[in-house]
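Please read the structure below before turning to the comments.
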Amino acid sequence: EVYFKNLSKQKQKEVMEKNGNNHKLRVCVATCNRADYSKLAPIMFGIKAEPQYFELDVVVLGSHLIDDYGNTYRMIEQDDFDIHTRLHTIVRGEDEAAMVESVGLALVKLPDVLNRLKPDIMIVHGDRFDALALATSAALMNIRILHIEGGEVSGTIDDSIRHAITKLAHYHVCCTRSAEQHLIAMCEDHDRILLAGCPSYDKLLSAKNKDYMSIIRMWLGEDVKTRDYIVALQHPVTTDIKHSIKMFELTLDALISFNKRTLVLFPNVDAGDKEMVRVMRKKGIEHHPNFRAVKHVPFDQFIQLVAHAGCMIGNSSCGVREVGAFGTPVINLGTRQTGRETGENVLHVRDADTQDKILHALQLQFGKQYPCSKIYGDGNAVPRILKFLKSIDLKEPLQKKFCFPPVKDNISQDIDHILETQSALAVDLGGTNLRVAIVSMKGEIVKKYTQLNPKTYEDRLALILKMCVEAASEAVNVNCRILGVGISTGGRVNPREGIVLHSTKLIQEWSSVDLRTPISDALHLPVWVDNDGNCAALAERKFGHGKGVENFVTLITGTGIGGGIVHQHELIHGSSFCAAELGHIVVSLDGPECLCGSQGCIEAYASGIALQREAKKLHDDDLLLVEGMSMKEEEIVSAAHLIQAAKLGNTKAESILRTAGTALGLGVVNILHTVNPSLVILSGVLANHYVNVVKDVINRQALSSVKTVDVVVSNLADPALLGAASLVLDYTTRRIY
1 EVYFKNLSKQ KQKEVMEKNG NNHKLRVCVA TCNRADYSKL APIMFGIKAE
51 PQYFELDVVV LGSHLIDDYG NTYRMIEQDD FDIHTRLHTI VRGEDEAAMV
101 ESVGLALVKL PDVLNRLKPD IMIVHGDRFD ALALATSAAL MNIRILHIEG
151 GEVSGTIDDS IRHAITKLAH YHVCCTRSAE QHLIAMCEDH DRILLAGCPS
201 YDKLLSAKNK DYMSIIRMWL GEDVKTRDYI VALQHPVTTD IKHSIKMFEL
251 TLDALISFNK RTLVLFPNVD AGDKEMVRVM RKKGIEHHPN FRAVKHVPFD
301 QFIQLVAHAG CMIGNSSCGV REVGAFGTPV INLGTRQTGR ETGENVLHVR
351 DADTQDKILH ALQLQFGKQY PCSKIYGDGN AVPRILKFLK SIDLKEPLQK
401 KFCFPPVKDN ISQDIDHILE TQSALAVDLG GTNLRVAIVS MKGEIVKKYT
451 QLNPKTYEDR LALILKMCVE AASEAVNVNC RILGVGISTG GRVNPREGIV
501 LHSTKLIQEW SSVDLRTPIS DALHLPVWVD NDGNCAALAE RKFGHGKGVE
551 NFVTLITGTG IGGGIVHQHE LIHGSSFCAA ELGHIVVSLD GPECLCGSQG
601 CIEAYASGIA LQREAKKLHD DDLLLVEGMS MKEEEIVSAA HLIQAAKLGN
651 TKAESILRTA GTALGLGVVN ILHTVNPSLV ILSGVLANHY VNVVKDVINR
701 QALSSVKTVD VVVSNLADPA LLGAASLVLD YTTRRIY
């Protein structure tokens, strides 16, 4: 310890010699409101106490100078600080524009002040819009900036302002280890970051033993006891003003119902603050016997009030930061402090949308006593900050240096790179084949790869990864930029998580399979997964007959029967991702058995498997082959043989196809009576054989109001691959999916 103290003294001596022995560091502290003054005042006292090292200039602006907020500049004078300049910078108004105009007004007035003061360094606190104006002015006028409380995280526009000030500031004083890590992650120079703790904690941790009852009685009345009152401090959330006003109304209603003495402080100067004050007056808070409404409480007295309160409620950073030093229970409402580090004394009510929620939180928290928290400081911040200020070498270059992490060398852009075709990797997992294709934004299949679909999960996933990696590498050669991977697969799929929930019997070992994670990890690309029927509907919506149609249905007629429903331009998934299992609409109670275990499904009549089954029966009875047909002895009977026989006049084959088409038509009639689409698209290898029969069934069986529906055959050569690609391409063009 002695060694480091001597080392520090030696460094300060060297800095003084570099800066010139007689040169004092001229420090400008600019304070905008009561909250930042509570953090800056301890530093100002420290600077004032060492006149041999520092000259202090105080600039006051913002809400300090507004009567509605208590004219809080007076407490700066009471602390015996000479105010060098007062700047009226607040443009009165009730919306976001007033905040912008206030920043503009400050930017107009500050240059003249800084030109006169010529400070060596300006100390700026926090994340208020006034502070952004200060930091911007100082940075553009080549004045070094020391930012207090950078690196922290909260839930409003304050986050953006805080981080913007961080990028303008040359030196940083942070309060927590996490904040320090955030600053380093933001590429700030580690040597210019000081983990000091919060300056206000230097006061807080020595304040609790003072006489407090007289302060409590002064603000809340003679009959109030410790731990038997509430402090309420709530500010508007500028990114959602209406919601924050509503939340404030609910808070006041809950406090009225809770029936405890309550000190309510007026909100900050922000868009929406006047509306909050109107809410207070509308509810008669200023005249209610249980309430004391005040514009400002001096920080020393405010410390005593929150230290001995039964609870603090609202969305002020004070609740999640300073109050933890006393273990006072806190109820943090809404999102304004989302991301802040908090002690166990804080109960969060993120979605404070009912009075009952807030009332319940009050019942849980009021009167408790929690362990004191020192997350934000240990009471020794000011000595550390003063030592840090003394170590600043004014002869160092003013230009900031950012410590960027190492990155791979980037290839310069050339014309080929600029003209790359935005494309998707499309994967189709069928019962027989596994296909991968590069598909362009216009629906052109640039390159396609096909392999037999392996029978086991491990082999199948390994093959998918291998084919995708090969296709992604080839995309560079064909001048395509891959935006993501879309996967079409049979079975029931959870597209939100990218998981195959249950597969068809055609694809084995394919249930509860996470496809998104391994493929995304391997390719470093986003991955979307959906059912093959849904993908066919998406293909029609983007590239086929469904383009621009608000409500339509797609039916796939292939090995099985599937489909997708598009309603009001959006795909329907259903509550358990089972919508549009159109092949399993039952059209006969005593029909043939389906692979799903039921009987009489469309798929049991009209799928390729069903037609193959009937073809085998005819072949076994020697009733399949007619003149003009021949089969090799080892050749497997298929649906194609049945269709060929029907074309050559086999009446039994014709009857089977007509029955299959009728079953499909009855299913379509059920769909028309359920979702009433304006278009039905038949897709797949069997569509041309069924389309006329389906139209006939609609004319005979459907209600008159749906008979006008258009029934067409898809003109897409590969709807499964195009649908898988559209999962990616629709998202990248910002379509809702």
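Numbering (UniProt numbering), first residue to last: 1 to 737.
Where a beta carbon is used, it is the ideal one built from N, C-alpha and C, also for glycine.
Report the option in the options whose CA atom is closest to the CA atom of residue i.
| i | options | result |
| --- | --- | --- |
| Asn71 | Gly126, Phe266, Ile143 | Phe266 |
| Asp130 | Asn142, Pro119, Ala98 | Ala98 |
| Lys368 | Glu249, Ala522, Ser588, Pro329 | Pro329 |
| Tyr449 | Lys442, Leu425, Gly431 | Leu425 |
| Gly591 | Cys601, Asp228, Leu582 | Cys601 |
| Leu434 | Leu452, Ile445, Val446 | Leu452 |
| Glu635 | Ala615, Asp79, Tyr171 | Ala615 |
| Leu623 | Leu722, Leu146, Leu642 | Leu642 |
| Glu474 | Lys442, Tyr457, Ala437 | Ala437 |
| Asp459 | Gly486, Ile507, Ser423 | Ile507 |
| Gln612 | Gly649, Lys547, Thr559 | Thr559 |
| Ser317 | Gly327, Asn332, Ile303 | Asn332 |
| Val427 | Thr421, Glu470, Phe388 | Glu470 |
| Val297 | Ala35, Ser520, Val237 | Ala35 |
Do residue i and residue j have their C-beta atoms within less than 8 Å of each other?
| i | j | result |
| --- | --- | --- |
| Asn380 | Gly197 | yes |
| His545 | Val712 | yes |
| Ala663 | Tyr605 | yes |
| Asp531 | Val586 | Position check: residue 531 holds Asn in this sequence, whereas Asp was assumed. The answer is no: Cβ separation not under 8 Å. |
| Val478 | Gly498 | no |
| Ala361 | Val346 | no |
| Lys295 | Asp68 | yes |
| Ile215 | Leu305 | yes |
| Ile143 | Leu114 | yes |
| Ala271 | Asp82 | no |
| Leu263 | Ile285 | no |
State buried or exposed for residue i, treating a residue as buried only when at least 16 other CB atoms are found within 10 Å of its CB.
| i | result |
| --- | --- |
| Ala717 | exposed |
| Asp158 | buried |
| Gln52 | exposed |
| Ala610 | buried |
| Val2 | Confidence at Val2 is low in this model, with a pLDDT of 48, below 50, so its placement is unreliable and the value that follows should be read with caution. Counting Cβ neighbours within 10 Å, Val2 comes out exposed, since fewer than 16 surround it. |
| Pro371 | exposed |
| Lys242 | exposed |
| Cys578 | exposed |
| Gln399 | exposed |
| Ile736 | Note on Ile736: pLDDT 36, under 50, position unreliable in the model; no value is reported. |
| Glu593 | exposed |
| Ala472 | buried |
| Asp127 | buried |
| Ser705 | exposed |
| Asn534 | buried |
Quick check: the Cα distance between residue i and residue j, rounded to an integer number of angstroms?
| i | j | result |
| --- | --- | --- |
| Ile418 | Glu540 | In this prediction, Ile418 scores a pLDDT of 48, lower than 50, which makes its location untrustworthy; the coordinate-derived value is nonetheless stated afterwards. One C-alpha to the other measures close to 30 Å. |
| Ile411 | Ser488 | Interpretation of Ile411 is limited by its pLDDT of 46, a score under 50 that renders its predicted location unreliable; the figure taken from the coordinates is listed afterwards. Ile411 and Ser488: Cα-Cα distance of roughly 34 Å. |
| Gly491 | Ser575 | 16 Å |
| Asp174 | Lys109 | In the sequence under discussion, the amino acid at residue 174 is Cys, which differs from the Asp named in the question. Their backbone Cα atoms lie some 29 Å apart in a straight line. |
| Leu729 | Arg481 | 12 Å |
| Ala30 | Ile66 | 16 Å |
| Glu149 | Pro199 | 10 Å |
| His689 | Ser607 | 12 Å |
| Leu703 | Ile565 | 20 Å |
| Gly221 | Cys311 | 17 Å |
| Thr517 | Ile445 | 25 Å |
| Phe4 | Arg384 | Here Phe4 scores only 45 on pLDDT, less than 50, and its place in the model should not be relied on; the value that follows carries that caveat. Spanning the two alpha carbons is a distance of roughly 13 Å. |
| Gly431 | Asp696 | 31 Å |
| Lys455 | Thr708 | 45 Å |
| Gln413 | Ala135 | Note on Gln413: pLDDT 48, under 50, position unreliable in the model; the coordinate value appears next. If you take the alpha carbons of Gln413 and Ala135, they lie about 36 Å apart. |
| Leu132 | Glu509 | 59 Å |
| Gly723 | Leu657 | 28 Å |
| Asp353 | Ala462 | 49 Å |
| Pro111 | Ala164 | 20 Å |
Can you name, in chain order, every residue of its own chain whose Cβ lies under 6 Å from the Cβ of residue i, other than the five neighbours on each side?
| i | result |
| --- | --- |
| Asp710 | Leu679 |
| Arg340 | Ser154, Val320 |
| His584 | Cys596, Cys601 |
| His308 | Tyr212, Thr226 |
Among residues of its own chain, excluding the 5 on either side of residue i, which ones have a beta-carbon nearer than 7 Å to its beta-carbon?
| i | result |
| --- | --- |
| Ile415 | Its pLDDT being 48, under 50, Ile415 is placed unreliably in this model, and the value from its coordinates should be taken loosely. Taken in chain order, the list of residues that qualify is empty. |
| Phe404 | Cys187 |
Between residue i and chain B, is there a C-beta pair that is closer than 8 Å?
| i | result |
| --- | --- |
| Arg92 | Absent from the structure is chain B; it holds one protein chain and no more. |
Can you give me the Cβ contacts of residue i inside the same chain, cut-off strictly under 8 Å, excluding the 5 residues immediately before and after it?
| i | result |
| --- | --- |
| Ser257 | Gln355, Leu359 |
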